[in-house]
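Asker: This is the structure I have questions about; it appears just below.
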Amino acid sequence: MSSARLTAVLGPTNTGKTHLAVTRMCGHASGMMGFPLRLLAREVYDRVVAIKGAPQVALVTGEEKIVPEGARYWLCTAEAMPADLHPEFLALDEIQLAADPERGHVFTDRLLHRRGTAETMLLGAATMAPLIRRLLPDAYIEERPRFSTLSYAGPKKLSRLPRRAALIAFSADEVYGLAEMLRRQKGGAAVVMGALSPRTRNAQVELYQSGEVDYLVATDAIGMGLNMDIDHVAFAALSKFDGQRQRRLMPAELGQIAGRAGRYQRDGTFGTLVFGEEGGPVLTPEEIAAVEGHEFQSVRKLVWRNARLDWGSVPRLIASLEETSGRDELQRTRRATDEAVLKALAADPIIAGRADTPDRIRLLWDVASLPDYRKTGPQAHARLAGRIYTHRTEGAGTLPKEWVAAELARLDDTQGGIEAISGRIAAARTWTYISQRQDWLADREEWAGRARALEDKLSDALHERLTQRFVDRRTSLLMRDLAGNAMQLPVEIEAGGEVVVGGQAIGTLTGFRFRADPAARAGEKKRLIAAAERHLPREYAQRVASLSKAPDAEFELTLSGTLPARILWRGARVARLTPGRDALSPALTLDRALGGLEPHERERVGARLGEWLASQIEGRLKPLATIADAAGRDDVSAASRGLSVQLMGALGVLARGDAAALLATMEDADRRLLRRAGVVIGVTHLFVPALLRPEPTRWRLALWALARGLDRLPDLPPPGLTSVPAEGGVPPGFYETAGFGVFGGRAVRLDMVERLAQAMHKARKGGAPFVPDANWQHMLGLGTEDFAQLMRGLGYRSAKVGEASGFAWKGRGRPRGRAERAPRVNPDSPFAALAQLTRRGESR
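Have a look at this one:
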């Protein structure tokens, strides 16, 4: 062994030390590497498997063992490195941990005593060089420079943090608080802490590495071999509790953490985090210079513990653990949990009484060495260890399966918050560790599988909780989108109009109107709208093409209480009617939602909608065109022309009183001409029955309201009713345009009024009083007074017929002042000139 090569490869982070060791190991026939963390051992295990194949590679940690028969390459945690193997190559990573108060003695022991038969490599910080020279004078020291530059970038506010940044804090509360702030402002963050299970930590690291989030919040656990794509490290705090006191980080600790910024030949930066007016931690010029130059105070002492233990008795075992090294460079550990647990167990007379042979004393030490994953402290942890030792020293010497099953069942619960699940994971890791111990459990393989499955289940639940709490995937996506890093993301429009960008719903698209998710916060809505503006133009262009070729059935006119009337395409608003040169020639204004279209796209939409509107007015109100044709004939009298103009201006419904003067001068031929055009010259109104149907009525009301500049319209009378209450405050002319005449407190449909008039004409005999058929009042839905008002409007007066109430014909006189009323014609109407001709004809 003395001829074996011993090399200490020292340097700051990002020097390729671990990569070098893996390469060297794979060049030997066998090898072993020891790591400070289970997740690092697993990471290198996967790399070596890819090189050598799974049958040749073993993974051994306190909680996991993958040992194929004949394995030649072993990746282990430092504590779990098998002592009975002597590989050609051996490496120990992060040897500066030999100065750690709790675990340092393990690394010191491996550093001093474990060797490969052909080559040994010690990997760590350059601060270990002086001690290596003193303790291992035969070692060759190779100092490696950092591949990239690490420079100070100053303090930064959270809002100014660059992407791919890691924030450093030193307590769970601080980590969670920062992660919550990042969720609100940046879309979220991954979380890395030593208290997380390896599986949860790996899942959180992957969340960051995949780019789903651009920020990482971590404790100093990040400084121990986690290789990630970090560009900037920001310290939110510069002090931590080290188990005994709150103290400021040493420059070497700052360098270990800050060194995670930059990877391979990509430079990195570090700095501090500023918290608004409160300021933030401040790095001294000396600390900055030390971190940038990777120049730190050398490690002066390593933590050591005697490895030659005395199994003669428990007191002698404790005494051997308390021995000193006799060298100034090696100081005895004073904070080891396993020693504290051993002393607590030894104070129990029952347990001390059972530890009466070397084998049972070794067992007691094994039980005391059970890791305290739950962080309950030596006394509480000793209670669990004592129960395990009691079971191991009685009966079959294995733990009762009923107890183990009950403990695992108690932990098998994924409900609760982050803290609750974290506590269960810590307890489950204890049982995972126990299941890996030889002879502690009957059916060890079965219990190992169950414990591993439980830990994985809880770890996955914890990852899900962390992600739910600290990651807003949509905001994270939008932030990357605004930074120009998400242009290739797929855009999908669901059947219900939901807009999905990169798998995240950002709002709904109805027609050309995008509405951001109403549940989004005010600041987030701006980002949602910005994302829509970036990703929807292609969809808009496709919809313009569809609209320009759409059949008429895809469009409709909507008329509600709020005016103006709007045109819908596939149920979405695309335009509104605006006043034109006359009531039958409205203009179109495209909806504001189409304002983002290109000018040529708006022209295409406007042309198609204009074409549809003209065809609808022509088709729905065709009888008005027939009246206009009749008015334009050369053989039509001036009275017919004038009356046609009035009917056109009134959109097909005209009170007879308004037409009384022209009707008085009309010949029978004129009346026949109007009837052929579909006009009914009724008792109370002139109207076109075809225009009183629901759809033409809706269109006429829309055009009528638009021509009069109304901003609201009363509810349209429901189809099928023969009368409705005559509401007060409605715009004059509303009921007439809707096809109703107002009599008393009711508005009665004009065609029914005309039918009643004809029926009464047949029922009466001259001026003799008569009683109308009672079915008429019921058919019209009128009360007695309203029916009487209607009868008076038809030219009847109330009269007694015996004891019954009836009516008698009195005749319809000329309404006072009606003959002199000028026809109601819009001066801008194309029929205004026709009206002027009519008036000149009357004057002649």
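Read in our numbering, the sequence shown has 72 at position 72, and its numbers run on one by one without any break. Glycine included, each C-beta is placed from N, C-alpha and C at the ideal position.
From G595 to V605, what does the alpha carbon distance come to, in whole angstroms?
Answerer: If you take the alpha carbons of G595 and V605, they lie about 12 Å apart.
Asker: Between which residues of its own chain and A587 is the CB-CB distance below 6 Å, once the five residues before and five after are set aside?
Answerer: The answer, listed in chain order, is T578, G580.
Asker: I need the DSSP call for W304, collapsed to helix, strand or coil.
Answerer: Reduced to three states, the DSSP call for W304 is strand.
Asker: Please list, in chain order, all residues of the same chain as V367 whose beta carbon is under 6 Å from its beta carbon, the five residues on each side excluded.
Answerer: Closer than 6 Å at Cβ, skipping near neighbours: A385, I388, Y389.
Asker: So, for R134: in the same chain, excluding its five sequence neighbours on each side, which residues have a beta-carbon less than 7 Å away from its beta-carbon?
Answerer: Within the same chain, R134 has close Cβ partners E329.
Asker: Alpha carbon to alpha carbon, how far is A195 from N14? Give it in angstroms, no decimals.
Answerer: One C-alpha to the other measures close to 25 Å.
Asker: Would you check whether the ligand MG has a heavy atom nearer than 8 Å to the C-beta of G793?
Answerer: The ligand MG is not among the ligands present in this structure, which contains no ligands whatsoever.
Asker: What does the alpha-carbon distance come out to for the pair I506 and V500?
Answerer: Their Cα atoms are separated by approximately 6 Å.
Asker: If you scan the region 534–617 from start to end, which runs of the alpha helix (DSSP H) of 4 or more residues do you find wholly inside it?
Answerer: DSSP runs (the alpha helix (DSSP H)) wholly in the region 534–617: 537–548.
Asker: Taking C-beta to C-beta, are V471 and V213 nearer than 9 Å?
Answerer: In this structure, V213 lies closer than 9 Å to V471 by Cβ.
Asker: Which residues bound the alpha helix (DSSP H) around Q256?
Answerer: Run containing Q256: 251–258, per the alpha helix (DSSP H) assignment.
Asker: Can you give the beta carbon distance from V653 to G739, rounded, assuming they're within the 8 Å contact cut?
Answerer: Indeed they touch by this definition, with Cβ atoms about 6 Å apart.
Asker: Considering Cα atoms alone, identify which of V636, R144, I350 is closest to A129.
Answerer: Measuring from the Cα of A129, the nearest candidate turns out to be R144.
Asker: Could you check whether the region 430–439 touches the region 56–74, counting it as contact only if at least three pairs of C-beta atoms, one from each stretch, sit closer than 8 Å?
Answerer: Result yes; three or more Cβ-Cβ pairs closer than 8 Å.
Asker: Report yes or no: do the region 33–52 and the region 278–286 share at least 3 C-beta pairs separated by less than 8 Å?
Answerer: No: fewer than three Cβ pairs fall under 8 Å.
Asker: Helix, strand or coil: how does DSSP classify V274 here?
Answerer: Strand at V274.
Asker: Keeping to the same chain, check which residues put their C-beta closer than 6 Å to that of G632; ignore five residues upstream and five downstream.
Answerer: Within the same chain, G632 has no close Cβ partners at all.
Asker: Considering just the uninterrupted stretch of the beta strand (DSSP E) at M32, what are its terminal residues?
Answerer: Taken as a continuous stretch (DSSP letters only), the beta strand (DSSP E) holding M32 covers 31–35.
Asker: Per DSSP, K157 forms a beta bridge with which residues?
Answerer: DSSP lists V274 as partners of K157.
Asker: In this structure, what does DSSP give as the bridge partners for H232?
Answerer: DSSP output for H232 lists A165, T269 as bridge partner(s).
Asker: Alpha carbon to alpha carbon, what distance is there between A628 and V679?
Answerer: Between V679 and A628, the C-alpha separation is close to 12 Å.
Asker: Give every residue of the same chain whose Cβ lies closer than 6 Å to the Cβ of A565, excluding the five residues on either side of it in the sequence, and list them in chain order.
Answerer: Answer for A565: L557, L559, L577, A702, listed in chain order.
Asker: Measuring alpha carbon to alpha carbon, tell me which of M250, G280, A307 ends up nearest V299.
Answerer: Ranking M250, G280, A307 by Cα distance to V299 puts M250 first.
Asker: What is the DSSP secondary structure of T7, reduced to helix, strand or coil?
Answerer: The answer is strand: DSSP assigns T7 an E or B state.
Asker: Measure the alpha-carbon distance for D668 versus A763 and round it to whole angstroms.
Answerer: About 26 Å.
Asker: What residues are listed by DSSP as bridge partners for I350?
Answerer: Answer is none; I350 lacks a bridge partner.
Asker: Would you list the one or two residues that DSSP bridges to A261?
Answerer: A261 pairs with I230.
Asker: Note down the Cα distance separating T697 from H761, rounded to an integer number of angstroms.
Answerer: Taking the straight line joining both Cα atoms gives about 29 Å.
Asker: Report the residue ranges of all alpha helix (DSSP H) runs contained in full by the region 307–395; include only those spanning at least 4 residues, in chain order.
Answerer: Within the region 307–395, the complete alpha helix (DSSP H) runs of at least 4 residues are 314–321, 337–346, 349–354, 358–368, 378–392.
Asker: Please classify A336 as buried or exposed, where buried requires at least 16 neighbouring CB atoms within 10 angstroms.
Answerer: Classification for A336: buried.
Asker: Where does T15 sit, in a helix, a strand or coil, going by DSSP?
Answerer: T15 falls in the coil class under three-state DSSP.
Asker: Short of 7 Å in beta carbon distance, which residues of its chain neighbour A290, apart from the five on each side in sequence? Order them along the chain.
Answerer: Only P251, G255, F296 meet the Cβ criterion.
Asker: Whose C-alpha, out of K157, A172, Q204, is nearest the C-alpha of Q185?
Answerer: Comparing Cα-Cα distances from Q185 to each of K157, A172, Q204, the minimum goes to K157.
Asker: Taking the C-alpha atoms as reference points, what is the distance between S829 and A583?
Answerer: At S829, the pLDDT of 47 sits below 50, so the modelled position is not reliable; the number obtained from the coordinates is stated separately. Computed Cα separation, rounded: 8 Å.
Asker: If you draw a straight line from the C-alpha of A655 to the C-alpha of W704, how long is it?
Answerer: The alpha-carbon atoms of A655 and W704 are separated by roughly 16 Å.
Asker: Just curious, the beta strand (DSSP E) that W440 is in, first and last residue?
Answerer: From DSSP, W440 is part of no beta strand (DSSP E); its letter is neither H nor E.
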